[in-house]
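*Asks:* Going down the list, the sequences are from chains G and D.
Under the working numbering, the very last position in the first sequence is 1118; numbers go up by exactly one each time.
Under the working numbering, the very last position in the second sequence is 269; numbers go up by exactly one each time.
Note that the Cβ used here is the ideal one computed from N, Cα and C, for glycine as well.
There's a structure below that I have some questions on.
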Amino acid sequence: MIQTYITGSAIVSALGENKTDAVAHMYRLNNKEYASYRKSVFKHTPFYSISDNNNKIIRFYAIIKQVIFDALNDADIPSDEYHDLSVFIGSTSMNISVTEQHWEEKGCFKDIGNGAISRFIDTLLQPDTPTTIFSTACTSSTNALIAASNEIKEGRIKRALVLGIEFFNDATYQGFNSLMLLSKTGVYMPLSPESNGIVLGEGCSAVILEAKPKAPNDFLILGSKNIFDNYSETSSNPDGKVIYNTMYNALTSSKLDLEDLTLINIHSPGTEVSNEAESNALEQLLYKNENNYLKIPLISMKPYIGHTLGACSLNELVLLTAAVKEGFIPNTLGSTDTESFLFSKFHQLKKKEATILFSYNGFSGNNFSFVLSNKG
Amino acid sequence: MYIHATYSFMHSNEAVGFYKKKVKEITQTSMRRASKFNLLSLYGACKCIEDRVIPSDTSIYIGSEFGVVSGVQKVMESLNEEPVIVMPFDFLNMNGNNAGFAISKVLDTNGENILMTASDLTFELTLKQAFYKCEQNKNFSALIGGVDESIVEIDRYQTYVIDQKQIPYDGSCWLYCNNEANNAIAKITSVQNFANEQSLDEYIASNHFDEISYNFLARSTVEKAYFYGTQSANDIIDLLRSEEKHLAYVSKDRQGRFIFIEIDKL
């Protein structure tokens, strides 16, 4: 049976201009430094910014180009094989930041639709097949990742480049503001009843998927599940049943038990309704008996890079798998353990390996979970 | 993947009020704040199904070349006015994936809700994703649509289209598909990529097709015609009206790559 491995990855985010810097930064950050970290990355408002002062159009294309080639180099893909890549993208805002700047300057669209992103990729890689772009809100890059993975597993394609793209744009920021979903304090407190909203961020990442690993500790995509929930346009059902079913079925499709998990990477966008839905789901998943819960550590990457919307799953998996490969589990900044939930605390790993369940849900009813592992 | 029903809707550019009335013909569900894109999607999907009973886990796949273009334009204009106010529903309506959500509420489905886009081959790539899912899951059923608003009201829209002879229309064209052969009207037997014309020509030469239809980039001449962003969805539905049996649809993108869709009439 063909498997799918992540053989290369790259990211640009608030944590750093590349994956190495981001991982080093995560390694050093603890709860005492959380406040000063936020201050350093928030420019004018609570928003996790990439440190790049170029205008919106320049930075959009420059950063995408950088993560693509960083990931290709990470996976040792020679340039004469770039054409063989099948490209998949997940994003919520796509090139809205480019549109905004162009509109401000010229009062009109630069391009209509998001095909321009695909054509930009064509100039870089000249792929033999056209780029596929998913737009399913916060599960966009999850859909892109799993679609690519499935095509490799089914023997349809040899190798894939998957991109997660999310850049700051006023439309998204003002839009979330108008819905009163943004946090006033800018502090992420995963699943906490004191959490007061979303803190948005920008981030762009890329992974290379192949049927064989390049390194012994490359992560394997074990299984996944996507379940739709038409409870509300802006959230999953707060009873948590759909999110629970998504996570549970992702585990069973991976042929794993809960006890096989090292970590659960939670979505935790920060709103009251999402916290309630996810908490209920996790309680159902982790329940043992009589108020006893399996203490599998939960982790959230959002205190590090903010909620990067359609790119979040790819951004977060790049950071977390990179940390594991460096031999540590990061803190979940801003978290507080409860009777039901234990959050990850920084520690070194004896072996640089882990099995991680990732869970995402978002606007328009998509709920998606998948499992990665590099345990031998 | 078997095609059981189709619906093709193309119309000259109309405002949201027109589509609210069209949608009211088919559902009483309140669509007060819905965007034109949502209404266009909903109308086409529901007309495709008509009175058919579909499984509750039917998925909705929407391909859109231009996305929620009027919604994006509205927000861009808001951002450049003083004071800057982005209204909540204007923001929500920028999310094209909400169209699938709206369809699921009206049809009471809980399958996947996927919105996809691309350059030139959006409907073909959307169809391909659904086709692959169908091959892997014998219980798969999906409404697969190509939806785009007319761009005729976009300032200097001609700079954004490939051929100036084309007149932008609103479009919402749909296929209802599953793995059930009974009562199907056609079967999509393959959806393939070809990197260049030579490899495509070799494939066509080594297989027999009764009729082949082409997207506008693949045609040698293009007449002045109405088009919309995911025109291929309409073209494929047109092709199904053929009396012939072994059919094919060739789509080319501006990079000279092809997607080749083979269909057998039943």
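DSSP three-state call for G/D822: helix, strand or coil?
*Replies:* Walking along the first sequence from the start, residue 822 of chain G turns up at place 80. Three-state result, G/D822: helix.
*Asks:* Restricting to Cα atoms, I'd like to know which of G/F862, G/Y915 and G/S1086 is closest to G/T1004.
*Replies:* Taking the first sequence and counting its residues from 1, one reaches residue 1004 of chain G at position 262. Among G/F862, G/Y915 and G/S1086, the Cα nearest to that of G/T1004 belongs to G/S1086.
*Asks:* Within 8 Å, do at least three Cβ pairs link the stretch 1062–1072 of chain G to the stretch 977–988 of chain G?
*Replies:* No, the stretch 977–988 of chain G does not touch the stretch 1062–1072 of chain G.
*Asks:* When DSSP labels each residue in this structure, what does D/K131 get in the three-state scheme?
*Replies:* Stepping through the second sequence from its first residue, residue 131 of chain D is reached at position 128. Reduced to three states, the DSSP call for D/K131 is helix.
*Asks:* In whole angstroms, what separates the C-alpha of G/S1010 from that of G/K1044?
*Replies:* In the first sequence, counting from the first residue as 1, residue 1010 of chain G sits at position 268. In the first sequence, counting from the first residue as 1, residue 1044 of chain G sits at position 302. Roughly 8 Å between the two C-alpha positions.
*Asks:* Residues in the stretch 109–127 of chain D with C-beta within 7 Å of chain G's C-beta atoms, listed in sequence order?
*Replies:* Result list: N113, G114, E115, N116, I117, L118, M119, T120, A121, S122, D123 and L124.
*Asks:* Name the two residues that bound the continuous beta strand (DSSP E) containing D/C180.
*Replies:* Your numbering for residue 180 of chain D matches position 177 in the second sequence. Taken as a continuous stretch (DSSP letters only), the beta strand (DSSP E) holding D/C180 covers D173 to N181.
*Asks:* CB-CB under 7 Å to D/E156, same chain, minus the five flanking residues each way: which ones, in chain order?
*Replies:* Here residue 156 of chain D is taken as the residue at index 153 of the second sequence, counted from 1. Hits under 7 Å: N16.
*Asks:* Residues in the same chain with beta-carbon distance under 6 Å from D/F12, minus the five sequence neighbours each way, listed in chain order, please.
*Replies:* For the purposes of this step, residue 12 of chain D is identified with residue 9 of the second sequence, where counting begins at 1. G47 and S175.
*Asks:* Please name the residues in the stretch 865–889 of chain G whose beta-carbon is closer than 7 Å to at least one beta-carbon of chain D, in chain order.
*Replies:* Answer in chain order: D870, T871, P872, T873, T874, I875, F876, S877, T878, A879, N885 and A889.
*Asks:* Does G/A913 get closer than 9 Å to chain D when you measure Cβ to Cβ?
*Replies:* In the first sequence, counting from the first residue as 1, residue 913 of chain G sits at position 171. Chain D contact via Cβ: present.
*Asks:* Quick check on D/M34 - is its C-beta less than 9 Å from some C-beta in chain C?
*Replies:* Any reference to chain C falls outside this structure, whose protein chains are G and D.
*Asks:* So G/L921 contacts chain D; which residues on that side make the cut at Cβ distance below 8 Å?
*Replies:* Taking the first residue of the first sequence as 1, we reach residue 921 of chain G at position 179. Neighbours of G/L921 on chain D, chain order: P91, F94 and L95.
*Asks:* Is there a Cβ from chain D that is less than 9 Å from the Cβ of G/A858?
*Replies:* Looking up residue 858 of chain G in the first sequence gives position 116. By this cut-off, G/A858 is an interface position.
*Asks:* For G/D831 and G/S751, I'd like the C-alpha separation in whole angstroms.
*Replies:* Position 89 of the first sequence, counted from the start, is the residue given in the question as residue 831 of chain G. Position 9 of the first sequence, counted from the start, is the residue given in the question as residue 751 of chain G. Reading off the sequence shown, one finds Ile at residue 831 of chain G, where the question assumed Asp. Rounded to the nearest angstrom, the two C-alpha atoms are 14 Å apart.
*Asks:* Once you ignore the five residues that flank D/D238 on each side, which residues in its own chain have a CB closer than 7 Å to its CB?
*Replies:* Counted from its first residue, the second sequence places residue 238 of chain D at position 235. Only S216, N218 and Y252 meet the Cβ criterion.
*Asks:* For D/L203, which residues in the same chain have their Cβ closer than 8 Å to its Cβ, ignoring the five residues on either side in sequence?
*Replies:* On the second sequence, residue 203 of chain D is found 200 positions in, with the first residue counted as 1. Once the five neighbours on either side are set aside, the close Cβ partners of D/L203 are F197, V253, F261 and F263.
*Asks:* Return helix, strand or coil for D/Q167, following the three-state DSSP convention.
*Replies:* Reading the second sequence from its first residue, position 164 is the one you call residue 167 of chain D. Coil at D/Q167, not helix or strand.
*Asks:* Please confirm if G/F851 has its CB atom under 9 Å from at least one CB of chain D.
*Replies:* Translated into the one-based positions of the first sequence, residue 851 of chain G becomes position 109. True, the Cβ-Cβ gap to chain D drops below 9 Å.
*Asks:* Go ahead and pull the three-state DSSP assignment for G/E952.
*Replies:* Here residue 952 of chain G is taken as the residue at index 210 of the first sequence, counted from 1. Of the three classes helix, strand and coil, the one that applies to G/E952 here is strand, per DSSP.
*Asks:* Any idea if G/N972 is buried or exposed, counting beta-carbon neighbours within 10 angstroms, 16 or more meaning buried?
*Replies:* Sequence index remark: in the first sequence, residue 972 of chain G carries index 230 (1-based). Classification for G/N972: buried.
*Asks:* Do we get a CB-CB distance below 9 Å when we pair G/N979 with the residues of chain D?
*Replies:* Position 237 of the first sequence, counted from the first residue, corresponds to residue 979 of chain G. Cβ-Cβ to chain D under 9 Å: no for G/N979.
*Asks:* Look at the Cβ atom of D/T192, then the Cβ atom of D/F126, and state whether they are nearer than 9 Å.
*Replies:* Translated into the one-based positions of the second sequence, residue 192 of chain D becomes position 189. Translated into the one-based positions of the second sequence, residue 126 of chain D becomes position 123. Taking 9 Å as the Cβ cut-off, D/T192 and D/F126 do not qualify as a contacting pair.
*Asks:* Along chain D, in chain order, which residues have C-beta atoms closer than 9 Å to that of G/F1105?
*Replies:* In the first sequence, the residue the question calls residue 1105 of chain G occupies position 363. Those within 9 Å of G/F1105 in chain D are L95, N98, N100, N101 and F104.
*Asks:* Can you find the residues in the same chain that come closer than 7 Å, C-beta to C-beta, to D/A184, ignoring five residues on each side of it along the sequence?
*Replies:* Sequence index remark: in the second sequence, residue 184 of chain D carries index 181 (1-based). Excluding positions up to five away in sequence, the list reads Y5.
*Asks:* So does the stretch 1072–1080 of chain G actually touch the stretch 926–937 of chain G, counting three or more Cβ pairs closer than 8 Å?
*Replies:* Enough Cβ pairs lie closer than 8 Å, so yes.
*Asks:* What's the call for G/E896, buried or exposed, on a 16-neighbour Cβ count within 10 Å?
*Replies:* In the first sequence, residue 896 of chain G corresponds to position 154, counting from 1. G/E896 should be labelled exposed.
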